[in-house]
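Numbering (UniProt numbering), first residue to last: 1 to 197.
Think of the CB as a built atom: it goes at the ideal place given N, C-alpha and C, for glycine as much as any other residue.
What you are looking at is a predicted structure, and each value in this text was computed from that prediction instead of being measured.
Take a look at the structure below.
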């Protein structure tokens, strides 16, 4: 092989190595950018997770308030009934409310007798309506929380896919670096005159 052919071969290898080096740098930038994106996504996901936990705590508090309110309404209602049970005759001998208490208002001829009964009944129904309204709010809040959890799961899966891509790119980059090192060593050997070895 003549010196000119040798120089031509060397220039060709050097050009190939420069292209390879450019590709390597580009890949490194892409992997670093992907790593930053993943770190940012993880931060956002963690914030989202904290928001969900806070919502769960608020929802649990809301649920407890609702249960306390129901208990208070029922306790107050039965206490009021106990005070006036002699006047109203709302309870049977065994302490249970008479069935008529839960029926529609008494007919006109019985209305005078049942004024006190109706007063308690209306108060109880109004309080019950408020509790039902609060329960509807609770259900709406719970549904919102479930939707947020679904969104959190979707984002977690997207992040996991992104991490898989990152790992693959990182491995590919490692392989490219190995090839680059091998090519560099091959070119150096040629520079030092090790062509035939």
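Item	Value
Reduced DSSP category for residue 176 - H, G, I as helix; E, B as strand; rest coil	helix
Pair within 8 Å by beta-carbon distance, residue 202 and residue 35	With the chain covering 1 to 197 only, the question about residue 202 has no answer from this structure.
Closest Cα partner of residue 181 within the set 12, 4, 24	24
Alpha helix (DSSP H) runs wholly inside the stretch 122-151, at least 4 long, in chain order	none
Selection from 189, 74, 162 that minimises the alpha carbon distance to residue 37	162
C-alpha distance - residue 128 paired with residue 40, whole-angstrom precision	48 Å
Residue 153 to residue 79 span [Cα, whole Å]	48 Å
Assumed close pair residue 62, residue 141 - CB separation to whole angstroms, cut-off 8 Å	6 Å
Span separating the alpha-carbon of residue 136 from that of residue 67	13 Å
Neighbour-count burial assignment, residue 121, 16 or more Cβ in a 10 Å radius	buried
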